[in-house]
Amino acid sequence: MRRAFEVASATPAGDVPVGAVIVSPQGQELGCGTNRREADGDPLGHAEIAAMREAVGIDGWRLTGCTAYVTLEPCAMCAGALVGARVHRIVFASYEPNTGACGSVWDIPREHPLHKTQVRGGVLEEQGTALLSEFFARLRG
């Protein structure tokens with residue numbers, strides 16, 4: 858999870874600072890990414906999507922047995938993509954009460970009929986909340 862926060866610190870100015878890291882069952886980092894929606898003008902420019910794109914180039918599209926570490930609870934698009942890629946576990950820091958899809962608003966990983974993905978939220982939650990609070994304070998400030 859700490860690596861995901863390192864990645865989040867590289868988020869381009871103007872984008873919500875979110876970092877994601879995909880780790881193999883052996884503990885090897887396969888891919889990482891930050892939010893880049895504003896920087897790239899891309900609605901798919903979420904940290905999880907970038908991390909998966911980097912990771913799947915190594916061993917095909919399946920991320921079986923892998924863990925995704927994310928600084929913010931994945932949205933519906935990202936949760937669905939993680940489940941579709943067969944990620945074994947999603948670990949995130951801060952809950953997203955407006956669009957979170959790993960238990961806050963929806964629970965896509967646990968409701969999927971074919972592939973159940975383990976979810977653990979609130980890991981280093983205070984650090985995640987502080988990162989987001991600082992960003993939005995600067996944005997409004």
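Numbering (this note's numbering), first residue to last: 858 to 998.
No residue lacks a Cβ here, since even glycine has one placed at the ideal position from N, Cα and C.
Tell me whether V913 sits in a helix, a strand or coil according to DSSP, three-state version.
helix
Residues that T924 bridges to, as DSSP identifies them:
V880 and R946
Specify, as a first and last residue, the run of the alpha helix (DSSP H) that Q984 falls within.
E982 to R997
Rounded C-beta distance between G876 and T956? I'm assuming under 8 Å.
Their Cβ separation, rounded to whole angstroms, is 17 Å, which puts G876 and T956 out of contact at 8 Å.
When the Cα of V880 is compared with those of G914, G888 and H972, which residue comes out closest?
G888
In this structure, how does DSSP classify C935 when only helix, strand and coil are distinguished?
helix
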